[in-house]
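Following: one structure in structure tokens, then a few remarks.
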Amino acid sequence: MAIGYGGHRSGRTEYGFRTSSCDFGEGFGVLTAHSRYPHATPAPRLVADRLLRQVGCDARSLGRDLSLGAVELFGNQIPAFAAAAVGPRGLRFVLNVATALLVLSLPYSVAGGLGAKSAPEPAPVAASLTSVSDDAGARVSTAARGLVAGSRSIVTVAAQDVRPVVEYKVAKSDTVATIAKAQDVALEDLAYANGITEEGAALGVGQTLLIPPGRGALYFVKDGDTIASVAQKFRVEPAVIMNYNRLYFEPEHFATDQLVFVPGAEVPALKRNEFSQISIPAPAQLPARTGRLALPVNGVFTQYFWWGHTGVDLAAPYGTAIMASDDGVVVATGWVAVGGLRVCVQHSEGLQTCYYHTSSVYVSAGQSVVRGQPIAAIGMTGVTTGPHVHWELKVNGVAVNPLAY
């Protein structure tokens with residue numbers, strides 16, 4: 002049969018539009034029904050549309066085939082091969098590797114998806130400074146949909162472990178010992194910081210004293226000093242000076258005439274006043290005993306009385322007040338060999354208590370004291386390995402165990 006231009010049936014068979022897996026026949030008939038061309042020859046636009054649809058159909062088919070192939074390969078073939086090759090352990094290894102690769106790929110997939118979207122322009126950093134705190138300076142807060150900022154203070158503040166150096170104006174009747182006690186600093190440290198070498202040095206009213214911020218030495222850097230030489234002078238590690246004075250970040254603080262603090266420094270001993278003794282008062286001049294002797298300080302027993310040790314040692318923090326064990330009269334104060342700075346109190350019934358290694362004495366010879374009254378402070382004068390008081394009792398001049406009375 003001859004093929005004519007009006008034979009749509011023959012035209013559809015000739016072009017073979019049903020050869021692929023996608024059926025475009027009806028769609029083509031609908032499209033050609035509205036064509037300006039009355040014959041079976043397709044228009045270019047229709048051919049292009051058909052080719053695009055065909056390519057899309059083929060791509061989807063290829064994707065399905067690849068997906069099925071991947072599932073078959075990773076789900077069946079590779080595990081089966083691994084199981085056959087190395088057994089269950091190999092199978093577990095392959096599955097673990099596949100899981101790890103999947104987990105590692107997730108962030109990149111998410112980042113790629115987010116990157117495809119248009120992100121809002123971040124707010125400037127200056128817009129994030131929204132509040133000022135009186136106690137901690139300006140703080141950064143996060144603006145809506147802006148930059149993520151921390152809440153730490155943007156100003157520099159002093160660390161809590163670094164105390165300031167205080168200036169003290171000497172008042173009337175002040176002494177080095179009373180100032181040290183009132184400011185809770187070691188007598189030797191206070192004296193060294195202000196160039197005082199004797200305990201009885203005269204102080205002028207209105208004179209300014211530097212109060213050390215802790216146990217150690219205030220030191221003005223001299224020309225030619227190094228951190229190592231200063232550390233050796235005070236018998237500390239150089240890192241102690243570096244850390245406390247922030248010299249790692251601010252080395253300019255260690256310059257000539259700059260004031261630095263050396264924590265734990267060993268300072269020269271202060272020359273003590275030689276106080277005179279008084280004769281032991283008559284029994285009628287002494288107050289009656291109030292009971293058993295009280296411990297001079299609430300400390301730790303480090304050594305008890307024995308034939309080679311004539312008293313009891315009680316350790317306590319440096320500067321802790323030492324109390325009188327009972328009512329009595331002070332009969333001696335001052336410096337002695339080995340025992341350092343000490344104070345002795347005469348009680349009734351022939352008892353006399355003495356307190357050694359003190360850092361300062363608050364009473365004088367001939368003064369009456371009562372039980373529990375502060376008479377001295379814990380120190381390290383004389384021969385000692387740490388801050389403590391050597392508490393000694395003599396009965397009619399013979400050393401005995403004070404815990405027995």
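Sequential numbering from 2 applies to the sequence shown in this note's numbering.
Positions of the beta carbon are idealized from the N, C-alpha and C atoms, including for glycine.
All values derive from a computational prediction rather than experimental measurement.
Would residue i be called buried (16 or more neighbouring beta carbons within 10 Å of its own) or exposed?
i, result
"H254", "exposed"
"R90", "exposed"
"D314", "buried"
"V56", "exposed"
"F302", "exposed"
"L74", "exposed"
"R306", "One detail in the question is off: residue 306 reads as Phe in this sequence, not Arg. Counting Cβ neighbours within 10 Å, F306 comes out buried, since at least 16 surround it."
"T321", "buried"
"T100", "exposed"
"N402", "exposed"
"T198", "exposed"
"W308", "exposed"
"Y193", "buried"
"E350", "exposed"
"V133", "The predicted position of V133 is uncertain, since its pLDDT is 38 and thus under 50; a value taken from the coordinates is nonetheless stated next. With fewer than 16 other Cβ atoms within 10 Å, it is exposed."
"T334", "buried"
"A377", "buried"
"N195", "buried"
"V1", "The displayed coordinates of the chain run from 2 to 406. Any statement about residue 1 would go beyond what the structure contains."
"P252", "exposed"
"G312", "buried"
"R146", "Here the model assigns R146 a pLDDT of 43, short of 50, so the residue's position is not dependable and the matter cannot be decided."
"L63", "exposed"
"V206", "exposed"
"G463", "One cannot answer for residue 463 here, as it falls past the ends of the chain, which runs 2 to 406."
"L107", "exposed"
"G300", "buried"
"A81", "exposed"
"Y53", "Correcting the residue type first, residue 53 is Leu in the shown sequence and not Tyr. Flag for L53 reads exposed."
"E168", "exposed"
Using the C-alpha atoms, what's the distance from residue j back to residue i?
i, j, result
"E189", "Q347", "28 Å"
"A203", "V177", "9 Å"
"P165", "M243", "17 Å"
"S228", "P214", "Here residue 228 is Ile; the residue named in the question, Ser, does not match the sequence. One C-alpha to the other measures close to 20 Å."
"P45", "L69", "36 Å"
"K173", "I180", "11 Å"
"V396", "G387", "28 Å"
"P318", "I379", "7 Å"
"A218", "D258", "15 Å"
"V1", "R247", "This structure cannot speak to residue 1, because the chain is shown only from 2 to 406."
"L404", "A366", "25 Å"
"K170", "Q368", "29 Å"
"L352", "W336", "21 Å"
"Q278", "V362", "14 Å"
"V384", "V344", "16 Å"
"V98", "L105", "11 Å"
"L342", "P264", "24 Å"
"G340", "Y245", "34 Å"
"G329", "A183", "25 Å"
"H310", "H391", "10 Å"
"Y220", "V399", "46 Å"
"K234", "L210", "23 Å"
"P297", "Y406", "13 Å"
"K118", "F94", "Because K118 sits at a pLDDT of 48, beneath the cut-off of 50, its placement in the model cannot be relied upon, and the following sentence gives the value as read from the coordinates. In a straight line, the C-alpha of K118 is about 37 Å away from that of F94."
"R51", "I79", "40 Å"
"D175", "V331", "22 Å"
"V222", "A266", "15 Å"
"G76", "D59", "25 Å"
The ligand FMN heavy atoms versus the CB of residue i: any closer than 7 Å?
i, result
"Q184", "In the structure on display, the ligand FMN does not appear, and there are no ligands present to speak of."
On the DSSP bridge list, what partners appear for residue i?
i, result
"W308", "Beta-bridge pairing links W308 to no other residue."
"S347", "Before going further, note that residue 347 is Gln rather than Ser in the sequence given. V330 and Q353."
"M243", "M243 pairs with nothing; no bridge assigned."
"V339", "DSSP, once it has assigned bridges, lists no residue as partnering V339."
"H391", "D314 and Y357"
"I279", "Answer is none; I279 lacks a bridge partner."
"L260", "F221"
"S369", "V330"
"I323", "A377"
"F94", "Beta-bridge pairing links F94 to no other residue."
"F302", "L315"
"A400", "K395"
"V362", "A377"
Is it true that the region 314 to 325 meets the region 366 to 384, where meeting means three or more beta-carbon pairs spaced less than 8 Å apart?
-> yes
May I ask you to verify whether the region 285 to 294 touches the region 224 to 239, counting CB pairs closer than 8 Å and requiring at least 3?
-> Verdict: no, contact absent.
Please go through the region 157 to 191 and give each complete alpha helix (DSSP H) segment of 4 or more residues, from N-terminal end onward.
-> 177 to 184
Please determine if the region 353 to 363 and the region 263 to 270 are in contact, where contact requires at least 3 C-beta pairs separated by less than 8 Å.
-> Cβ pair count under 8 Å is below three, so no.
Complete beta strand (DSSP E) runs within the region 187 to 240 (minimum length 3 residues, chain order) | 209 to 212 and 217 to 221
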